[in-house]
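>
Residue numbers (the working numbering), protein chains in the order written: chain W, 163 to 667; chain P, 100 to 592.
(1) Would the segment 547 to 560 of chain W and the segment 260 to 270 of chain W be scored as touching if the rule is three or more Cβ pairs under 8 Å?
(2) Quick test of your reading: residue 129 (chain P) and residue 242 (chain P), contact by CB under 8 Å. State the CB separation rounded to the nearest angstrom.
(3) In angstroms, rounded to a whole number, what distance separates the CA positions of residue 181 (chain W) and residue 398 (chain W)?
(4) 9 Å is my cut-off, CB to CB: does residue 273 (chain P) come that close to chain W?
(5) Which term fits residue 652 (chain W), buried or exposed, when burial requires 16 or more other beta carbons within 10 angstroms of its beta carbon?
(6) Taking Cβ positions, are residue 269 (chain P) and residue 245 (chain P) nearer each other than 9 Å?
(7) Quick one: is residue 536 (chain W) buried, meaning 16 or more other Cβ sit within 10 Å of its Cβ, or exposed?
(8) Whose Cβ in chain P lies nearer than 7 Å to the Cβ of residue 379 (chain W)?
(9) Here's a check: name, in chain order, each residue in its chain whose Cβ is nearer than 7 Å to the Cβ of residue 112 (chain P), leaving out the five neighbours to either side.
(10) Applying a beta-carbon distance threshold of less than 8 Å, which residues of chain W neighbour residue 202 (chain P)?
(11) Can you pull the chain P neighbours of residue 413 (chain W), defined as C-beta to C-beta under 8 Å?
(12) Anything in chain W within Cβ reach of residue 198 (chain P), meaning under 9 Å, just list it in chain order.
(13) Between the beta-carbon of residue 501 (chain P) and the beta-carbon of residue 583 (chain P), is there less than 9 Å?
(14) Is the Cβ-Cβ distance between residue 630 (chain W) and residue 443 (chain W) less than 9 Å?
(15) Apply the 10 Å Cβ neighbour rule to residue 325 (chain P) and answer buried if 16 or more other Cβ atoms are within range, or exposed otherwise.
(16) At a CB distance below 9 Å, what residues from the segment 438 to 465 of chain W approach chain P? Give them in sequence order.
(17) Return the CA-CA distance between residue 244 (chain W) and residue 257 (chain W), expressed in angstroms with no decimal places.
(18) Suppose you measure from the CA of residue 577 (chain W) to the CA of residue 657 (chain W); what does that come to, to the nearest Å?
(19) Determine whether the beta carbon atoms of residue 660 (chain W) and residue 342 (chain W) lie at a separation below 9 Å.
(20) Below 8 Å on C-beta distance, what does residue 551 (chain W) contact in chain P?
(21) Please confirm whether residue 206 (chain W) and residue 297 (chain W) have their CB atoms less than 9 Å apart.
(22) Can you tell me where the beta strand (DSSP E) with residue 259 (chain P) in it begins and where it stops?
(23) Got a sec: is the Cβ-Cβ distance from residue 206 (chain P) to anything in chain W below 9 Å?
(24) With distance defined between alpha-carbon atoms, name the residue in P:367, P:505, P:378, P:503 nearest to residue 311 (chain P).
(25) Within this structure, are the beta carbons of residue 249 (chain P) and residue 205 (chain P) separated by less than 9 Å?
(26) Spell out whether any CB of chain P is found under 9 Å from the CB atom of residue 253 (chain W).
(27) Less than 9 Å between the beta carbons of residue 618 (chain W) and residue 389 (chain W), yes or no?
(28) Residues of chain P with CB closer than 7 Å to the CB of residue 244 (chain W), please, in chain order.
(29) Return yes when at least one heavy atom of the ligand FMN lies under 8 Å from the C-beta of residue 255 (chain P), else no.
(30) Nearest to residue 554 (chain W) by CA position, among W:566, W:563, W:564, W:541, is which residue?
(31) Identify whether residue 491 (chain P) lies in helix, strand or coil by the three-state DSSP scheme.
(32) Out of curiosity, what's the CA-to-CA distance linking residue 171 (chain W) and residue 229 (chain W)?
(33) Could you name the residues of chain W that residue 260 (chain P) contacts, counting a contact when the two beta carbons are closer than 8 Å?
(34) Report the residue from P:460, P:140, P:136 whose alpha carbon sits nearest the alpha carbon of residue 266 (chain P).
(35) Among all the DSSP beta bridges, which residues are the ones paired with residue 455 (chain P)?
(36) Would residue 266 (chain W) count as contacting chain P if we go by Cβ distances under 9 Å?
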């Protein structure tokens, strides 16, 4: 029965339809796998009863010949998505035990289409981080190990050896998909939080165009950058999930009022005649040769599939990261002001309201969140606003224009590396200098700043046997081209062989 | 509309200090609650007086992941108000976040239009009681969220929060510093309130806090630049606005005349003591860290929409007043009194329709308003309807009743109601023009007062006394004109 967890989402969907197995069997296989994998810390909340209930409904629907698009597909949900009656904390102590009385639009649409919820997935606290180490529930273990490393599950269910991070902030989502603890997962991406963990775990992740998915019911980090998207094991699986997740929502005025295309149909469209840009500014000094090589390889694959490869220039790329680390904290400092201990979540009483605020927020927020709230408060302060926030917004405009200029030249998509390195060890980065961690987002933040869609597709292994990925950046609302081109890379690179469950008891 | 408002041309209203004359300069920020069913960014009800926290949506309570969605009706009302203030409507405006922590501010920020408001410069014409007309420039009008209410006196150590008002739409209407006395400031607020009520964009109910004023006061020697101002927050009655300005101006003059300087600060008005007192200094002022709200796209409206709203605007008080003067021959004062409330003006017009305007105005203002004021009624719950009052005026006009009887009739209609014509009929209040009946009364009076008959020959002004006696004898029903004529003939004068 455990074989069922090895299926792709598309295979599972077809198998359910053909009644080769039931949704209940599929759910049970995943529930068992999750129980075996608690040491990875991917799930912060397991909801097996909910899963079995939903699976029973799915089986009835399938029997009645009324299967919906995602009927019986077991999914994990990043803990940033509010789920009605199921604790949602954004992996922060300040929301400990918070049970939303509402369901986020994105998850609501997944359940509408018949998907089954397995539980809530770990992430960096309030999605602030690139390694999942800032979670109040502790770090997530990457199912991938360096070749020949000593990492193993010890007797008492702990991990021994220098294990790796799954990336972040959607680290739980990526790890769960890679470890076959779900067929797909919801994730969010503010500066790379879908694409970087997907790259670190050999999975596929797409950040759609800003406004493609509703933000309603997703705990906000930086409102002008946040966007939901799926992580799954194949390009096709991501396409299937995104179709259900996307779409207009009157409750989010920044959500685009556009019809959702049949993304799955675009997967096999091919890249013949497409023009793919290679931005020279993404060629960083000191970039590992393996990544450089992979990038060239990716271009060659697309070329041999019929695409034209052109060098392009995105001149303001180098300002993107510093500008991002002004805009995102500025918005976060304001978005997180509501966690004040007055209405819900953690409250630490004080002598007066000021002391209650101070104690509650001191106890409820972790170090990285506090750092960003302070940075954000600083850059919005009188006397600094123009020097930081206003300038960062100007840079944002210039970055957008860079992309517009490239697309105006007839370029259909841009190919870049997804990350500057493969997965690193827990505790390896950012403990002394947070900027070291921030540099992980160097290839991904530009896409958020410009509001464009971006997909990370696994493209090979580094010398240590760890997955590396390429990123494709598309025109606004043209996720279809990304699925078509991503499929070419997936086919050329060969489907990732995911690690065997060394973590299982 | 964009031209700068010229300096007010008016008689100087100066305050005498110990060392010479001072001029007070006043500007105001009026917070007016928008009349709408739902809040500015949520579907929760705006109804007043619900159980605490009964009109609160997830958005108003700032639950995680909730997003604001602009209520079109509030935008429509703000634009209509702008048009009523003869102001520039900005087709594109934006919303900003004003960040500060307070328990009755669930989001930790207020959504407001800081940088680009929906309405730009405009103007309000204000008629002063002495007949002078001043113009007060409007700087801007913007939409923003109201906060909830903190209640500090229900528990010895805790405060309670009621979020019913949280997120309700407010219009902040900012004037230019164009007022020069407490009287002008009071008249401005009254006029603004009238305009808002005409438009139906704010009910102007100051008792419920639906209209509140922040008053900026400074003083200067005539002809000198503006002095340092103090802002008096949240004054909630027109009378208090006047008292606060009077007190504050005196306070500032006192300091300056003693050689001191004014600290720019925020002050509160204490209605019990009639004083203002310091709330926080400029140094203690919050840094609100304004920035564009990323949850909301810029608000865009097209000119055709604005034009449509302009076409459907009701007649506003200035236009109505001019029309009352021109069409009904009213004095500017009477017209001003009648148009102060739209309901009064409508009542007057219903009474005046097909009748003499001046007579109608006299009855509405002197009899009806006088009585309403004494009894604390509004025009909306007047016991005498426009039809009833019109019928009373008709009965006078056609000579059926005298003016004196009419006042009795008004009293009966006020207390008992009913059709005035039927009342006159049933109770025999008709004016007597039958000379026989009047002559009988005259005979009676002459017979009873032979001494007066002697006197009247020498002193014809005594005739009035005779008329009075005849009226008394007939229970007021005699036609006074007829009684006069008949008496003259009988007394041979």
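The beta-carbon is built from N, C-alpha and C at its ideal position, and this holds for glycine as well.
Inspection of the coordinates gives the following:
(1) Contact between the segment 547 to 560 of chain W and the segment 260 to 270 of chain W is absent: fewer than 3 CB-CB pairs across the two stretches fall below 8 Å.
(2) Not a contact, Cβ separation roughly 14 Å.
(3) In a straight line, the C-alpha of residue 181 (chain W) is about 21 Å away from that of residue 398 (chain W).
(4) Not an interface residue.
(5) Around the Cβ of residue 652 (chain W), a 10 Å sphere holds 16 or more other Cβ atoms; the residue is buried.
(6) For residue 269 (chain P) and residue 245 (chain P), yes; Cβs fall inside 9 Å.
(7) It is exposed - the Cβ of residue 536 (chain W) has fewer than 16 other Cβ atoms within 10 Å.
(8) Listed along chain P, the residues sitting closer than 7 Å to residue 379 (chain W) by beta-carbon distance are 164.
(9) Excluding positions up to five away in sequence, the list reads 279, 280.
(10) Within 8 Å Cβ-Cβ: 502, 504, 515.
(11) The answer, in chain order, is 166, 168.
(12) Result: 495, 496, 499, 539, 542.
(13) Their beta carbons are not under 9 Å apart, which means residue 501 (chain P) does not touch residue 583 (chain P) by this criterion.
(14) Not in contact: residue 630 (chain W) and residue 443 (chain W) (Cβ atoms no closer than 9 Å).
(15) Exposure of residue 325 (chain P) is indicated by the presence of fewer than 16 other C-beta atoms within 10 angstroms of its C-beta.
(16) Hits within the stretch: zero.
(17) Each residue's alpha carbon lies about 11 Å from the other.
(18) Residue 577 (chain W) and residue 657 (chain W) have their C-alpha atoms roughly 19 Å apart.
(19) Yes, these two residues count as a Cβ contact at 9 Å.
(20) By Cβ distance, chain P contributes 390.
(21) Yes. Within cutoff.
(22) Unbroken beta strand (DSSP E) run through residue 259 (chain P): 259 to 261.
(23) Yes, because at least one Cβ of chain W sits closer than 9 Å to the Cβ of residue 206 (chain P).
(24) If you compare the alpha carbons of P:367, P:505, P:378, P:503 with that of residue 311 (chain P), the shortest gap goes to P:367.
(25) Against a cut-off of 9 Å, the Cβ pair of residue 205 (chain P) and residue 249 (chain P) comes out as no contact.
(26) Interface with chain P (9 Å Cβ-Cβ cutoff): residue 253 (chain W) is excluded.
(27) Against a cut-off of 9 Å, the Cβ pair of residue 389 (chain W) and residue 618 (chain W) comes out as no contact.
(28) Neighbours of residue 244 (chain W) on chain P, chain order: 163, 164.
(29) This structure simply doesn't include the ligand FMN, nor any ligand for that matter.
(30) Closest option to residue 554 (chain W), Cα to Cα, is W:541.
(31) Helix at residue 491 (chain P).
(32) If you take the alpha carbons of residue 171 (chain W) and residue 229 (chain W), they lie about 15 Å apart.
(33) 504, listed in chain order.
(34) Comparing Cα positions, the closest option is P:140.
(35) Looking at the DSSP assignment, residue 455 (chain P) forms no beta bridge with any residue, so it has no partner.
(36) Closer than 9 Å to some Cβ of chain P, the Cβ of residue 266 (chain W) qualifies, so yes.
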